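In this note's numbering, the protein residues as written are 451 to 1455. Ideal placement from N, C-alpha and C gives every residue a C-beta, glycine not left out. The structure presented is a predicted model; accordingly, all values stated were derived computationally and were not measured.
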């Protein structure tokens, strides 16, 4: 736009000035009402005692809601006019008109339409439920001295009631502004010498000559209407045949919890969908993406009248039921089975509620995507994937190369994928043009993109402005074409266009790297809940197989606990980026899942006795043999608890010896030297009782490193690269004591780590090659990061990192920008540095963040952000990590089994005695893992076994099943038939591709 300063100012001024005259207030309105912390229905609220709540009144404690009521009667000056209301009782509210939910008021939706043509004497009974709030919604960073409170406590009476008014809506002025604003934004984006720019400039200038704001109101409106005619011809110009097309649809991306609690999300769901229903009444072409079933479940439970209207609009095709998942969860940290359940629960809900087969994984705001996802999606009949997050990575990092591509996972599965930018976008010319010109990474083989629009995170969705602009922008010269449609239609067209680009592996988000560590209780809660649920489901399946049915309520209880776990994997809960209340509630939810899963498990095991005297049993739900006190517990099996005396003689193989340098810990497999600070300064193999040549460590391991972690923005989200340049000096003074227990030897270490106290037991168990570090930290830091380092005496280019259903290899060097961007990564149960003859694995029971300094593994233990929760991670943390050296190749090692063994303790419980050991499923190759055994979703008398190949190689093996099994069938991840399976003498032959997930439906006799 080649305009001088004066014209730039004038055109901008006219855009701003027009907006002042949309509304003329005529009546002041006063309310009466009450405040409450309860979630009341409208019917209940209207019965409560009220007091006057006039302008100037203050109200609202933290977490409090206010109900406000008034009566509006049409006066003579309003007859025949469009009448609207502006309400000032609070920042965000749901409004009822004459007893029916009408719409919501918030920062982007400020006007309540009462009628398009008022009638004499017409009366409107208005009710509003408003949220007072809970203080500022913070997501910043920066230094906070200890004298500063990062999140100030909220004072009472947060809200001061502002004047509420009723008045006339000037539709003609509003429509003139939409015309003007559309052309004005296009002008600002056009080349300055373009003919289109010249024409628009001339029309806008003419508009400003005619639109006279200094006239009386009637004459002013007449001048604006006359000025609008200067723009009419400009709005009829269409694009050429090679103009890009944007597939547009409304969305709100309502976070289930974040800078507000779940309780507020319940209200936000009603506000958001009430707004969409009101817009759909006015704009028949409008379509809105309906996703995240918990949001709709809240509507159904708390606002059934709104939900019934939503469901009717689904049937009309106005709401687009899509998304594929139960919640838009984190895709890095949850287990593979948890990710499958997200899709399974989501698809079942959409099918049950709307009869719709969802096809798209809609994850606009998730913080990165596991390389296991393509196989999971494909196995769940989800062929399409969309997100905006990757294009919002740190701008200094290597940009992602594509917008349209096939995403290939670790097993070779591919899903059609699309990356766009800016999910919570306004639908306006400026952003449409930016989407194509600036936000598009791909420069070839692309002519269309998704453009979801509407205000999100806190919900609300699109505004009327956006839909008015859409009507002008469907095909308007100077801006991309727009078509209102389901994203599925977009993907179906793309699928026919022969997309050539393929991206293989993880979709790593080079941003928000602190989310692997912040709020450690979320991570530990998830891991322990996943373990507890797996154990309960496994033995529930055995019970079902043995008895032909489950106890009443068992399947429903498992479903309830899974739903609770899945909810808390939401991408602002599990990653640790929410306010304090959200994380306290999530921590309690995880505890509930763990406790109730264990209670269900023990109840099922006792009931297997059927009146017989129970005995203490050991249960192993993993797919490989394990040992206890020298006794073997079979794979997927059980034995009676052995007597302790049987293995006492084995204690002679273990000892702890004090020397000048520290303490030697040894068993028949390894010899470790622990110094007086608790560091491992030597780790060697033993053979025939003697230490072998060769160190596993190139420098002392179990070396705690603390860094200052002051992030410029997004405190809980970020782990900025400069942290490693700011180490915190730690005292090496420690108190060490010798540990001698039945079955293990070790040392206990107490040591101050800056302001925090470390209490650690370093243990070597009988016959184990695993050196365990059972750790407790009383964490009292602010803006600090704690890692523990193990320098491997090995040379390798890559580390092997456990992920869902397999592993990926991560670079150990920083040769290119790509590797430099990956300075903090995530993993699950193990990380290995290995060459072709030996390797060193670091295992963990709930720590996900990880970094490498060449051949040193640094496990990230704790972070201490203060925004948005200034108490994040403060307090006591318990966790375990372990060092596991092995000889030979990784392929021949037991690393995977050791990782599972550390995370899944043997279950000790009362149960039915068996003669010797009993295995329920056996015969599998050692690299085939039984990830889950569960009651079938679709058959009453069937169970499902989920298996996967764990080492990236082909396999021919068999699964031997119990005699109660009548037949076997391969199904996909949502339990739909794939292929029949032969079964002979209870053996099922199976073939696996590298990293293949295979789901077997086992029907009982």
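Spatial neighbours of residue i in its chain, beta-carbon cut-off 7 Å, leaving aside the 5 residues before and after
| i | result |
| --- | --- |
| residue 499 | 484 |
| residue 507 | 611 |
| residue 460 | 658 |
| residue 990 | 1000, 1004, 1008, 1054 and 1385 |
Same chain only: Cβ atoms within 6 Å of residue i, ignoring 5 sequence neighbours per side
| i | result |
| --- | --- |
| residue 1350 | 1072 |
| residue 594 | 600 and 1316 |
| residue 468 | 627 |
| residue 511 | 606 |
| residue 463 | none |
| residue 1066 | 1091 |
| residue 1097 | Here residue 1097 scores only 44 on pLDDT, less than 50, and its place in the model should not be relied on; the value that follows carries that caveat. Here the set comprises 1079 and 1080. |
| residue 935 | 697 |
| residue 1053 | none |
| residue 1277 | 1251, 1252 and 1300 |
| residue 841 | 869 and 871 |
Pair within 8 Å by beta-carbon distance, residue i and residue j
| i | j | result |
| --- | --- | --- |
| residue 1019 | residue 815 | no |
| residue 1283 | residue 1293 | no |
| residue 633 | residue 653 | yes |
| residue 1122 | residue 1136 | no |
| residue 809 | residue 838 | no |
| residue 617 | residue 477 | yes |
| residue 1339 | residue 1286 | yes |
| residue 517 | residue 495 | yes |
| residue 1212 | residue 1196 | yes |
| residue 1411 | residue 1436 | yes |
| residue 766 | residue 741 | no |
| residue 822 | residue 960 | no |
| residue 1399 | residue 1443 | yes |
| residue 869 | residue 944 | no |
| residue 1456 | residue 646 | Absent from the model: residue 1456. The displayed extent of the chain is 451 to 1455, so no value can be given. |
Residue i - containing alpha helix (DSSP H), residue span
| i | result |
| --- | --- |
| residue 673 | 667–678 |
| residue 793 | 786–804 |
| residue 749 | 743–752 |
| residue 1004 | 1004–1017 |
| residue 715 | 712–732 |
| residue 478 | Unbroken run through residue 478 is the beta strand (DSSP E), 473–479; no alpha helix (DSSP H). |
Environment of residue i [buried if 16+ CB atoms lie within 10 Å]
| i | result |
| --- | --- |
| residue 717 | buried |
| residue 701 | buried |
| residue 753 | buried |
| residue 631 | buried |
| residue 1237 | buried |
| residue 778 | buried |
| residue 939 | exposed |
| residue 1281 | buried |
| residue 1210 | buried |
| residue 725 | buried |
| residue 456 | exposed |
| residue 1393 | buried |
| residue 665 | exposed |
| residue 1358 | exposed |
| residue 774 | buried |
| residue 1396 | buried |
Endpoints, the beta strand (DSSP E) within which residue i is located
| i | result |
| --- | --- |
| residue 562 | 562–565 |
| residue 523 | 515–523 |
| residue 900 | 898–903 |
| residue 619 | 614–619 |
| residue 1306 | 1306–1313 |
Own chain partners of residue i with C-beta closer than 8 Å, once the 5 adjacent residues on each side are dropped
| i | result |
| --- | --- |
| residue 1150 | 1125, 1129, 1130, 1131 and 1241 |
| residue 466 | none |
Interface flag, residue i vs chain D, CB-CB below 8 Å
| i | result |
| --- | --- |
| residue 1389 | Within the model displayed, chain D is absent; a lone protein chain is all it includes. |
What are the start and end residues of each continuous beta strand (DSSP E) run of 3 or more residues lying completely inside the region 1340–1379, in chain order? Fully enclosed beta strand (DSSP E) runs of 3 or longer: 1357–1361.
Ignoring anything shorter than 3 residues or poking outside the region 1251–1283, list the beta strand (DSSP E) runs there in chain order. 1256–1261
Minimum length 4: unbroken alpha helix (DSSP H) runs contained in the region 816–863: 823–829
Where are the beta strand (DSSP E) runs, 3 residues long or more, that stay fully inside the region 1172–1248, in chain order? 1184–1191, 1194–1203, 1206–1215, 1221–1229 and 1234–1241
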